[in-house]
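2 protein chains.
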Amino acid sequence: MTISSFLRRASSYLHGHPACFKALVLVTLSSGSLVAYSDSQSETDRVSRDLNQKEQKKKKVVVLGTGWAGTSFLKDIEVSSYDVQVVSPRNYFAFTPLLPSVTCGTVEARSIVEPVRKIIKKRNGEIEFFEAECVKIDAANNKVLCHSNLDENLGGNGEFSLDYDYLVIAVGAQVNTFNTPGVKENCYFLKLVHVMQEVEDAQKIRASVIDCFEKAVLPGLSEEDRKTFLHFVIVGGGPTGVEFAAELHDFIQEDLINIYPMVKDLVRITLVQSGDHILNMFDERISSFAEQKFQRDGIEVSTGCRVLGVSDKSLSVKMKSGGEVYSIPHGLVVWSTGIGTRPVVRDFTEQVGQGNRRVLATNEWLRVKGSENVYALGDCATIDQRKIMEDILSIFKAADKDNSGTLTIDEFQDVVDDILVRYPQVELYLKSKHLMDVTDLLRDPEGNQRESVDIEGFKSALSLVDSQLKSLPATAQVAAQQGAYLSRCFNKRQQCQEHPEGPRRFTGSGHHRFRPFRYKHFGKFAPLGGEQAAAELPGDWISMGHSTQWLWYSVYASKQVSWRTRMLVVSDWTRRFIFGRDSSRI
Amino acid sequence: MTISSFLRRASSYLHGHPACFKALVLVTLSSGSLVAYSDSQSETDRVSRDLNQKEQKKKKVVVLGTGWAGTSFLKDIEVSSYDVQVVSPRNYFAFTPLLPSVTCGTVEARSIVEPVRKIIKKRNGEIEFFEAECVKIDAANNKVLCHSNLDENLGGNGEFSLDYDYLVIAVGAQVNTFNTPGVKENCYFLKLVHVMQEVEDAQKIRASVIDCFEKAVLPGLSEEDRKTFLHFVIVGGGPTGVEFAAELHDFIQEDLINIYPMVKDLVRITLVQSGDHILNMFDERISSFAEQKFQRDGIEVSTGCRVLGVSDKSLSVKMKSGGEVYSIPHGLVVWSTGIGTRPVVRDFTEQVGQGNRRVLATNEWLRVKGSENVYALGDCATIDQRKIMEDILSIFKAADKDNSGTLTIDEFQDVVDDILVRYPQVELYLKSKHLMDVTDLLRDPEGNQRESVDIEGFKSALSLVDSQLKSLPATAQVAAQQGAYLSRCFNKRQQCQEHPEGPRRFTGSGHHRFRPFRYKHFGKFAPLGGEQAAAELPGDWISMGHSTQWLWYSVYASKQVSWRTRMLVVSDWTRRFIFGRDSSRI
Chain H
217 MTISSFLRRA
227 SSYLHGHPAC
237 FKALVLVTLS
247 SGSLVAYSDS
257 QSETDRVSRD
267 LNQKEQKKKK
277 VVVLGTGWAG
287 TSFLKDIEVS
297 SYDVQVVSPR
307 NYFAFTPLLP
317 SVTCGTVEAR
327 SIVEPVRKII
337 KKRNGEIEFF
347 EAECVKIDAA
357 NNKVLCHSNL
367 DENLGGNGEF
377 SLDYDYLVIA
387 VGAQVNTFNT
397 PGVKENCYFL
407 KLVHVMQEVE
417 DAQKIRASVI
427 DCFEKAVLPG
437 LSEEDRKTFL
447 HFVIVGGGPT
457 GVEFAAELHD
467 FIQEDLINIY
477 PMVKDLVRIT
487 LVQSGDHILN
497 MFDERISSFA
507 EQKFQRDGIE
517 VSTGCRVLGV
527 SDKSLSVKMK
537 SGGEVYSIPH
547 GLVVWSTGIG
557 TRPVVRDFTE
567 QVGQGNRRVL
577 ATNEWLRVKG
587 SENVYALGDC
597 ATIDQRKIME
607 DILSIFKAAD
617 KDNSGTLTID
627 EFQDVVDDIL
637 VRYPQVELYL
647 KSKHLMDVTD
657 LLRDPEGNQR
667 ESVDIEGFKS
677 ALSLVDSQLK
687 SLPATAQVAA
697 QQGAYLSRCF
707 NKRQQCQEHP
717 EGPRRFTGSG
727 HHRFRPFRYK
737 HFGKFAPLGG
747 EQAAAELPGD
757 WISMGHSTQW
767 LWYSVYASKQ
777 VSWRTRMLVV
787 SDWTRRFIFG
797 RDSSRI
Chain U
217 MTISSFLRRA
227 SSYLHGHPAC
237 FKALVLVTLS
247 SGSLVAYSDS
257 QSETDRVSRD
267 LNQKEQKKKK
277 VVVLGTGWAG
287 TSFLKDIEVS
297 SYDVQVVSPR
307 NYFAFTPLLP
317 SVTCGTVEAR
327 SIVEPVRKII
337 KKRNGEIEFF
347 EAECVKIDAA
357 NNKVLCHSNL
367 DENLGGNGEF
377 SLDYDYLVIA
387 VGAQVNTFNT
397 PGVKENCYFL
407 KLVHVMQEVE
417 DAQKIRASVI
427 DCFEKAVLPG
437 LSEEDRKTFL
447 HFVIVGGGPT
457 GVEFAAELHD
467 FIQEDLINIY
477 PMVKDLVRIT
487 LVQSGDHILN
497 MFDERISSFA
507 EQKFQRDGIE
517 VSTGCRVLGV
527 SDKSLSVKMK
537 SGGEVYSIPH
547 GLVVWSTGIG
557 TRPVVRDFTE
567 QVGQGNRRVL
577 ATNEWLRVKG
587 SENVYALGDC
597 ATIDQRKIME
607 DILSIFKAAD
617 KDNSGTLTID
627 EFQDVVDDIL
637 VRYPQVELYL
647 KSKHLMDVTD
657 LLRDPEGNQR
667 ESVDIEGFKS
677 ALSLVDSQLK
687 SLPATAQVAA
697 QQGAYLSRCF
707 NKRQQCQEHP
717 EGPRRFTGSG
727 HHRFRPFRYK
737 HFGKFAPLGG
747 EQAAAELPGD
757 WISMGHSTQW
767 LWYSVYASKQ
777 VSWRTRMLVV
787 SDWTRRFIFG
797 RDSSRI
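Sequence order for the protein chains is H and U. My numbering puts the first residue of the first sequence at 217, with every later residue one more than the last. My numbering puts the first residue of the second sequence at 217, with every later residue one more than the last.
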């Protein structure tokens with residue numbers, strides 16, 4: 217019996233058992249088929265063709281990236297309905313919100329990473345993973361071209377391509393240096409610069425901080441030199457930059473000062489921020505709390521300050537107000553600002569006619585605009601929320617059932633639910649105006665209830681609603697929710713084809729298959745060092761101080777992706793409490 | 217009051233308080249004097265000269281290296297008697313016996329390192345540490361020239377020199393490639409190659425093993441390619457190579473196979489050994505136990521096999537017996553054989569007239585031969601034990617108190633203790649001959665007790681003793697004991713000058729100041745994977761199997777240098793038992 221006939225027999229026998237069948241396919245694709253491979257190349261091809269025919273109903277999904285969005289999609293996708301292949305230059309998922317802790321050794325790099333293969337393994341190994349980078353999306357042919365980043369030794373240049381029926385782009389963003397000269401060469405980063413270096417960069421920052429101290433205590437240096445080595449500059453006053461500054465301050469004050477007492481008075485930390493305040497995306501109470509805390513801690517905050525260039529020994533900055541240009545000597549610069557586009561995404565934006573956009577625009581169902589079968593989520597995408605004023609006539613027409621040219625309260629009530637789902641800005645607008653009920657929108661300018669409105673009245677009632685539109689922040693929370701949302705849509709595709717669950721189409725007939733993506737904000741944290749943190753929690757609740765740090769600990773421990781990382785992170789924190797941070801240059 | 221006059225006043229005030237005084241000196245050397253530095257360079261120089269005069273009684277000790285020998289010396293040295301400065305390219309001590317565990321992630325790199333500054337901090341911060349490499353020992357001028365390995369940004373090329381009264385060389389050895397072509401470029405190492413990379417190399421091996429698996433599962437490769445990527449070759453069948461092979465086997469079988477099931481039948485591990493057996497410095501029962509275990513595990517052992525060269529894809533080996541030359545394709549080669557000389561040591565051997573030696577020869581008190589004030593210990597040194605036959609006439613003369621030309625048993629008894637201390641080979645010889653008492657040596661060839669012996673009889677009685685001379689192995693145990701021994705000698709120098717504690721000088725008058733170094737062997741382990749280990753314990757006790765692995769765990773946990781690393785190592789082991797090893801490529 218030849219191998220191919222064995223496989224054919226086995227596959228027909230196993231036809232009714234999808235799990236066993238899939239296992240067989242896997243074995244075939246790996247070791248099984250490899251035996252055949254050495255036997256006869258063409259024979260194997262025929263076998264896989266045969267097998268493919270049996271599987272023709274299963275659509276192929278290719279996922280690019282294993283960050284928050286990609287991983288969250290992979291966790292829930294039903295492999296009984298799809299053939300899923302994942303391409304990512306790193307074979308692990310990193311819990312990025314703890315990266316600033318890694319830079320100072322409060323948490324180990326190992327503790328925040330989880331192998332992708334472990335995550336997809338939960339799905340019985342039926343998702344294929346390739347450690348490679350997607351270098352080109354060929355949308356016309358439904359193909360992605362990939363390049364293994366393990367270039368040495370690899371036959372065939374390490375290039376391969378994958379076909380897809382659906383493509384999920386979740387490659388994230390990279391750092392944006394705004395073409396500032398010298399930044400790439402002389403700065404450290406807390407955001408992807410090169411492929412797969414986020415965690416490595418955090419580790420490098422740690423080693424470099426210790427290097428600065430070791431350099432500063434060498435014999436025969438002038439005080440000026442020592443001061444330069446011990447001047448740490450952070451560019452960017454966002455949550456990551458602020459958290460790193462706070463972590464660094466704690467690392468130095470709690471640990472390094474004790475073992476380098478001879479230079480303790482020479483250390484300086486400066487945070488350079490182009491805006492007027494640090495943490496300016498937070499509530500201003502938090503922003504000023506952070507600024508005051510930093511002032512007490514001796515962390516200098518230079519606001520309104522733009523970086524013109526960075527050399528290996530200094531950086532030159534320009535004050536926005538006066539226009540003066542300074543040169544600041546430094547030992548280490550960490551660049552923590554700006555979100556840039558990955559080359560593969562930039563190339564794809566052009567293919568789908570979104571030429572000069574920084575990120576991919578998708579509709580509310582996360583499908584890339586200008587494409588039928590490509591989805592984008594996380595930091596590389598933004599949702600282009602439909603404006604209600606674009607559809608105002610259709611909405612009016614759909615709601616005005618009796619074609620009377622006026623809309624009664626009852627008629628409006630009929631479509632309100634669909635409107636609220638389709639245009640989330642309506643709810644935000646009601647909230648901002650403290651209105652209790654949607655029908656309150658239809659009151660006349662004096663605030664009296666009206667029986668009905670005509671099209672002009674309807675237009676003016678909703679005219680300000682779109683002002684509430686804002687794009688979602690580039691955070692882990694958004695990416696994770698989008699991944700989970702998209703996998704749910706994929707899993708219910710068949711079911712929702714027949715029984716749509718989305719709102720009615722105002723510009724067409726019937727209903728949308730799915731409800732559009734809706735982001736649920738669970739709040740955000742800004743750790744400020746010294747066991748203090750600030751948080752904006754749902755319901756506009758602001759919390760600051762030591763208790764908030766404990767809330768931070770418990771939230772971050774609970775959000776860990778596996779019990780292993782949870783145990784490791786908690787034991788890292790415990791170790792830090794007992795023994796402090798390690799200062800070995802490793 | 218100028219700064220210098222303040223310092224002079226303060227120093228005279230503090231004269232009687234060495235600890236306070238030393239603290240002041242430290243402050244002066246770092247921040248204090250730096251203020252003066254920017255004020256006036258020459259002023260500062262004068263101040264330090266003044267201070268130096270006050271301190272002239274304290275001798276300067278410079279220690280090179282922070283491995284087992286250096287660290288163990290630093291732990292115990294009395295800083296009240298010496299000014300100690302340490303120069304090492306790495307600012308941490310690494311628990312090297314656990315390096316093979318780091319290569320597979322059984323133990324984290326962080327868990328086996330302890331900052332040197334923490335270790336010397338216990339001594340009230342009175343030992344200065346410089347992260348730099350000693351590039352040249354200038355024995356004629358009692359100076360060492362150092363180069364900071366943090367070259368970038370450093371004023372004055374990062375070079376500085378230190379004066380010493382005593383120099384302690386404990387820089388260890390580096391790998392020896394025996395000039396085999398391609399080894400440096402294409403192999404990984406478990407022993408220092410470049411400065412300060414031991415631990416980093418172990419981490420790289422781990423990432424590289426995972427790379428091999430990621431490469432092997434990429435699409436579009438031939439089975440041959442996949443097999444090549446998954447062929448792991450270890451060169452060297454010593455304890456380190458064997459332990460690495462065992463760890464790698466466990467890592468693959470217990471962890472990687474589960475997440476890369478498609479290539480599980482393609483993995484191969486080969487151990488290449490030039491000798492006839494692996495672990496040939498162990499008892500042969502252990503050696504054959506290890507070979508049998510490896511055979512059961514599927515680890516191929518190629519004995520009698522010399523490596524001719526290594527390329528990025530294959531290595532060529534020659535069978536010693538038949539002379540055939542093979543080419544073996546590989547995915548990864550770990551080179552774990554040979555001990556080479558560090559350049560700074562090679563240069564110094566020439567200065568002291570030990571031209572073509574591989575390591576520095578010292579006398580039994582660890583002082584380098586041909587030098588008065590330089591000591592060498594650990595892997596860079598070997599003790600040149602004095603042969604008893606060289607001194608046989610002097611011994612006879614010293615023992616023969618009545619100058620009768622014959623030695624009675626009583627006369628011999630008088631010098632026996634001194635002989636046993638001065639010539640440790642005597643004790644080893646007695647043991648090897650199963651003799652109970654030293655005087656048994658003087659029996660006649662028929663085994664009858666003699667009343668006295670003449671010089672010829674004495675010579676022939678001791679003629680075979682020197683055959684028991686052997687040099688100590690290059691292990692952590694030896695290095696650590698030497699460090700502790702030397703610091704004890706340094707601490708008792710003054711006391712032993714007046715009351716020598718060593719044996720009598722046979723070739724001179726009086727006594728040696730100190731007892732010579734005596735190595736105490738506590739046994740050695742060879743972990744063999746699968747929770748099994750072999751051990752040679754004191755008293756020629758051989759132990760093999762699972763219980764020995766548990767002994768290994770407890771010994772290695774107890775030998776940790778700090779409670780922090782102890783906790784970390786034990787929690788790493790626990791984590792591995794519960795969750796397995798991590799396969800993230802980081």
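Using N, Cα and C, we set each Cβ at its ideal position, and we do this for glycine too.
Assuming residue i and residue j are in contact, meaning their beta carbons sit under 8 Å apart, how far apart are those beta carbons, in whole angstroms?
{"i": "U/N392", "j": "U/G571", "result": "Not a contact, Cβ separation roughly 18 Å."}
{"i": "H/S552", "j": "H/G491", "result": "Going by Cβ atoms, the distance from H/S552 to H/G491 rounds to 13 Å, so no, they are not a contact pair."}
{"i": "H/V387", "j": "H/R558", "result": "5 Å"}
{"i": "U/V415", "j": "U/A325", "result": "5 Å"}
Should residue i be flagged as near chain H, meaning a C-beta pair shorter than 8 Å?
{"i": "U/G436", "result": "yes"}
{"i": "U/S288", "result": "no"}
If you measure between the beta carbons of residue i and residue j, is that distance less than 8 Å?
{"i": "U/L803", "j": "U/V550", "result": "Given that chain U is displayed from residue 217 to residue 802, the structure contains no residue 803 of chain U and the question cannot be resolved."}
{"i": "U/P313", "j": "U/Y772", "result": "yes"}
{"i": "U/G739", "j": "U/E747", "result": "no"}
{"i": "H/V526", "j": "H/N402", "result": "yes"}
{"i": "H/R731", "j": "H/E714", "result": "no"}
{"i": "U/V332", "j": "U/Y308", "result": "yes"}
{"i": "U/H363", "j": "U/E349", "result": "yes"}
{"i": "H/A432", "j": "H/L446", "result": "yes"}
{"i": "H/A742", "j": "H/A389", "result": "no"}
{"i": "H/Y639", "j": "H/R602", "result": "yes"}
{"i": "U/I544", "j": "U/L524", "result": "no"}
{"i": "H/D379", "j": "H/K359", "result": "yes"}
{"i": "U/V318", "j": "U/A418", "result": "yes"}
{"i": "U/Q711", "j": "U/Q684", "result": "no"}
{"i": "U/S610", "j": "U/T723", "result": "yes"}
Would you verify that the beta carbon of residue i is, or is not, closer than 8 Å to some beta carbon of chain U?
{"i": "H/K337", "result": "yes"}
{"i": "H/R638", "result": "no"}
{"i": "H/V805", "result": "Missing from the structure shown is residue 805 of chain H; chain H here goes from 217 to 802 and no further."}
{"i": "H/D653", "result": "no"}
{"i": "H/V415", "result": "yes"}
Is it buried or exposed, residue i, if we count other Cβ atoms within 10 angstroms and call 16 or more buried?
{"i": "H/H231", "result": "Note that H/H231 scores a pLDDT of 40, beneath 50, so its modelled location is shaky and nothing firm can be said."}
{"i": "U/V351", "result": "exposed"}
{"i": "U/E463", "result": "buried"}
{"i": "H/N365", "result": "buried"}
Residues of chain H with CB under 7 Å from residue i, in chain order?
{"i": "U/K334", "result": "I475"}
{"i": "U/R792", "result": "Those do not exist, as U/R792 stays about 11 Å from chain H at its closest Cβ, beyond 7 Å."}
{"i": "U/A325", "result": "I802"}
{"i": "U/F795", "result": "R780"}
Mind listing the chain U neighbours of residue i? Cutoff is C-beta to C-beta under 8 Å, in chain order.
{"i": "H/V329", "result": "D798, S800 and I802"}
For residue i, go through chain H and note every residue whose CB falls closer than 8 Å to its CB, in chain order.
{"i": "U/V303", "result": "None at all; the shortest Cβ gap to chain H is about 10 Å."}
{"i": "U/F376", "result": "L434, P435 and G436"}
Output, in chain order, the set of chain U residues within a Cβ distance shorter than 7 Å of residue i.
{"i": "H/S787", "result": "S787"}
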